[in-house]
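Read the structure below first, then the notes.
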Amino acid sequence: MLIYMRKNWAREAIFVGLATLMALSSALAGSSVQPALSVFQDTLSNGLRVIVKPDHRSPVAAVMVWYRAGSMDEVGGRTGVAHVLEHMMFQGTETLAPGEYAKRIAATGGRSNAFTSSDYTGYLQELHSSELELAIKLEADRMHNLLLREVEFNNELRVVMEERRQRVDDNPSGLLMEQLAATMYLSHPYRTPIVGWMNDLEHLTLEDAADWYRRWYVPNNAALVVAGDVDPAEVVLLSEKYFGPIKSRLLPVRKPQEEPGHLGSRMVTVRANTTMTSQITAYPAPRLSDVDMDWEPYALYLLAGVLDGHSAARLHKRLVLEEGIAHSVSVSYDGLRRGPGVFYVEFTPVKDRELRDLEAVWLDEVFKLVTHGVSEDELNRVKAQVIAGQVFSSDSVLGQASRMGRMWAIGFAPNASDVINEKLRTITPEQVRQVAEKYLVEHQATIAILEPKTSK
Numbered sequence: 060m061l062i063y064m065r066k067n068w069a070r071e072a073i074f075v076g077l078a079t080l081m082a083l084s085s086a087l088a089g090s091s092v093q094p095a096l097s098v099f100q101d102t103l104s105n106g107l108r109v110i111v112k113p114d115h116r117s118p119v120a121a122v123m124v125w126y127r128a129g130s131m132d133e134v135g136g137r138t139g140v141a142h143v144l145e146h147m148m149f150q151g152t153e154t155l156a157p158g159e160y161a162k163r164i165a166a167t168g169g170r171s172n173a174f175t176s177s178d179y180t181g182y183l184q185e186l187h188s189s190e191l192e193l194a195i196k197l198e199a200d201r202m203h204n205l206l207l208r209e210v211e212f213n214n215e216l217r218v219v220m221e222e223r224r225q226r227v228d229d230n231p232s233g234l235l236m237e238q239l240a241a242t243m244y245l246s247h248p249y250r251t252p253i254v255g256w257m258n259d260l261e262h263l264t265l266e267d268a269a270d271w272y273r274r275w276y277v278p279n280n281a282a283l284v285v286a287g288d289v290d291p292a293e294v295v296l297l298s299e300k301y302f303g304p305i306k307s308r309l310l311p312v313r314k315p316q317e318e319p320g321h322l323g324s325r326m327v328t329v330r331a332n333t334t335m336t337s338q339i340t341a342y343p344a345p346r347l348s349d350v351d352m353d354w355e356p357y358a359l360y361l362l363a364g365v366l367d368g369h370s371a372a373r374l375h376k377r378l379v380l381e382e383g384i385a386h387s388v389s390v391s392y393d394g395l396r397r398g399p400g401v402f403y404v405e406f407t408p409v410k411d412r413e414l415r416d417l418e419a420v421w422l423d424e425v426f427k428l429v430t431h432g433v434s435e436d437e438l439n440r441v442k443a444q445v446i447a448g449q450v451f452s453s454d455s456v457l458g459q460a461s462r463m464g465r466m467w468a469i470g471f472a473p474n475a476s477d478v479i480n481e482k483l484r485t486i487t488p489e490q491v492r493q494v495a496e497k498y499l500v501e502h503q504a505t506i507a508i509l510e511p512k513t514s515k
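Using the working numbering, the first residue of the sequence shown is number 60, and each one after it goes up by one.
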C-alpha cells in the first residue's frame with residue numbers, strides 16, 4: 060500500500076499543491092491531450108456521492124473511493140489510527156480472505172493502492188474498463204463488511220510502526236518536517252504526524268480501529284469517483300446495486316479547530332544522523348476556502364513560482380546559480396486542504412557555508428519583491444509554466460479521478476479545478492506583491508533547522 064501522503068511530511072503534497080488540481084488549459088488546444096469533458100454527478104439516497112468523467116481514449120478505468128476523514132480527525136492518544144485502518148481495509152471481509160482484495164484486482168491485470176493524508180483517505184484501482192463492476196463491488200464490500208481481527212491488526216500495526224521508523228525516526232528530513240509541524244501548530248491537529256506518534260501506535264487497540272471504521276466509513280462520508288472508458292449511467296446503476304443497500308449513519312460533529320495567531324517567531328533545532336545542514340521556514344497562510352471569491356491563495360501559489368518555479372526563478376537563480384552558496388532550494392505553498400494553509404521555504408547550504416548566509420539572501424529577496432514587485436512578463440512566464448505542467452500531470456485517467464476526488468474531499472465541487480485554472484490567469488503582479496508583504500513576515504515564521512549530531 061502507498062504510505063500516507065506525507066503532509067506532515069508535507070514536501071510531497073506541497074509540490075502537488077494547486078498545480079495537480081488544475082484543469083487542462085484551453086490555450087493548449089494543440090496538445091495531444093483531449094479537451095476537458097463533462098463531469099457527471101449523482102448522489103445516492105444513502106448520501107454516497109458518485110462522480111464520473113468519461114475518457115474513451117483507451118479501455119482503462121480508474122475507480123476511487125474517497126473518505127472525508129484523515130489524521131486531522133483523530134483524537135489524542137489515537138494518532139495513526141486512520142493510517143492503520145487503511146492497511147486493515149486490505150485484510151479481509153465477510154466474503155474475502157486477508158489479501159484477497161489485491162489479488163482479485165491483480166488477476167485482471169489491474170492494480171490497487173491506498174493513501175492517507177491529514178484531510179482524507181483514498182482507495183484506488185486502475186484496471187480494464189470491462190472490470191468496472193468488480194472494482195465497484197469490492198469497494199462496496201469493504202465499506203460495510205470489513206472484518207477486523209486481532210492477528211491481522213497486530214501484523215499491520217507492526218508494519219506501520221516500521222514505516223514510522225524508516226520514514227521518520229531514522230530519516231532526518233522526516234524528523235525535521237515532523238518537528239516543524241509540532242512547533243508551528245499549537246492546537247490544530249496538523250501538528251500530529253499522519254503515521255502517528257510511536258507511543259500512540261504502541262498502545263493502539265483493535266477497538267480503536269473498529270471505532271474509526273464505524274465513525275467515518277459510511278456512504279454519506281464518501282465519494283465514488285470513476286474516470287475512463289465508462290458510461291456514467293452504468294456507473295450510477297452499479298453504484299445503486301452495490302453501495303445502495305449500505306445504510307447511512309450520523310457522522311460525528313466536527314467542531315471548529317482554528318489555530319491561534321502567532322505572537323512571535325518560533326524555532327526548533329533537530330539534531331540527527333546526517334552530514335548536511337538544512338532549514339525550513341514556514342509562514343502561516345490562508346487556505347483556499349471560496350474558489351470563486353478568494354484571490355490570495357492563487358497569488359500565493361504564483362508567488363512560490365516566481366521564487367522557485369523554474370531554474371531561472373529568483374531564489375534558485377541567486378542562491379544556486381549566481382552565488383553558489385546553496386546546494387538546493389525550494390519554495391512552495393499548500394493551500395488546498397481542510398485546515399490552515401502554509402507557505403514553505405527550504406534550503407540547504409553547500410559545504411563551508413552557513414545557514415545564516417542563505418537566510419540573509421532570502422530576506423533580501425523578500426525585501427526586493429515587496430519593494431519593487433513582479434513584472435508582467437515574469438508573472439506570465441510562471442503562469443504559462445504552471446498551465447503547461449497540467450498537460451503532463453493530468454493526462455491519465457487516474458490523474459483525472461484523483462483531481463476530482465481531492466476537490467470533493469476538501470469541500471469543493473469535483474470540477475472546481477476549471478475555476479481554479481481561470482482564477483490563476485487573473486492574478487496581477489500587484490496581488491503577488493501584496494501577499495508577499497502580508498504573509499512573508501519574520502515574526503510569523505516558524506523555523507526548523509536540521510544539523511548533524513556531531514556539530515558543536
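Don't be surprised by glycine CBs; every beta carbon is placed ideally from N, CA and C.
- Residue 130 sits close to residue 175, with the two beta carbons spaced by under 8 Å.
- Where residue 202 is concerned, there is no enclosing beta strand (DSSP E), although the alpha helix (DSSP H) around it starts and stops at 191 to 203.
- Within the stretch 93 to 131, the complete beta strand (DSSP E) runs of at least 3 residues fall at 99 to 102, 108 to 113 and 119 to 126.
- Pairing residue 173 with residue 305 gives a Cβ-Cβ distance that is not under 8 Å.
- Here residue 184 carries a strand assignment [DSSP, helix/strand/coil].
- At a Cβ-Cβ threshold of 8 Å, residue 190 and residue 167 count as neighbours.
- Bounds of the alpha helix (DSSP H) holding residue 164 are 159 to 166.
- In the three-state scheme derived from DSSP, where H, G and I count as helix and E and B as strand, residue 280 is classed as helix.
- The Cβ-Cβ distance between residue 107 and residue 298 falls below 8 Å.
- Rounded to whole angstroms, residue 503 and residue 321 show a C-alpha spacing of 6 Å.
- Scanning 369, 366, 318 and 263 for the CA closest to the CA of residue 346 turns up 318.
- Boundaries for residue 172: no alpha helix (DSSP H) harbours it, while the beta strand (DSSP E) harbouring it runs 170 to 175, taken from the DSSP string.
- Counting along the chain, the unbroken alpha helix (DSSP H) around residue 268 starts and ends at 265 to 275.
- Of 217, 236 and 480, the smallest CA-CA separation from residue 209 is found for 217.
- A Cβ-Cβ distance of about 27 Å is found for the pair residue 235 and residue 468, leaving them out of contact under the 8 Å criterion.
- Check the Cα spacing between residue 179 and each of 140, 257 and 205: the tightest is with 140.
- By the Cβ neighbour-count rule, residue 171 is buried, with 16 or more other Cβ atoms within 10 Å of its own.
- With a 10 Å radius around the Cβ and a threshold of 16 neighbouring Cβ atoms, residue 148 comes out buried.
- With 16 or more other Cβ atoms inside 10 Å of its own Cβ, residue 336 counts as buried.
- Bridge partners of residue 508 according to DSSP: 328 and 338.
- In the three-state DSSP reduction, residue 478 falls in the helix class (H, G or I).
- Between the alpha carbons of residue 283 and residue 268 lies a distance of about 22 Å.
- Contact check between the stretch 104 to 120 and the stretch 270 to 289: three or more CB pairs, one atom from each, fall below 8 Å, which counts as touching.
- Going by C-alpha positions, residue 475 is about 26 Å away from residue 435.
- Short of 7 Å from the beta carbon of residue 367, and not among the five residues preceding or following it, lie these beta carbons of its own chain, in chain order: 374, 375, 388, 389 and 390.
- Nearest in C-alpha terms to residue 244, of all of 400, 185, 481 and 370, is 400.
- Residue pairing by DSSP places residue 402 opposite 342 and 392 in a beta bridge.
- Between residue 291 and residue 433, the C-beta gap is not smaller than 8 Å, which leaves the two residues out of contact.
- Each residue's CA atom was taken as its position, placing residue 202 and residue 402 some 36 Å apart.
- Here the alpha carbons of residue 344 and residue 394 stand approximately 8 Å from one another.
- Cβ atoms of residue 457 and residue 183 come within 8 Å of each other, at about 7 Å.
- In the assembly as shown, residue 220 is a buried residue. Its beta-carbon has 16 or more other beta-carbons within 10 Å.
- For residue 407, the secondary structure class from DSSP, reduced to helix, strand or coil, is strand.
- In the displayed model, residue 298 falls within a helix according to three-state DSSP.
- Setting aside the 5 residues that flank it on each side, residue 311 is surrounded in the same chain by 274, each with a C-beta closer than 6 Å to its C-beta; the list follows chain order.
- Secondary structure at residue 142: helix, using DSSP grouped into helix, strand and coil.
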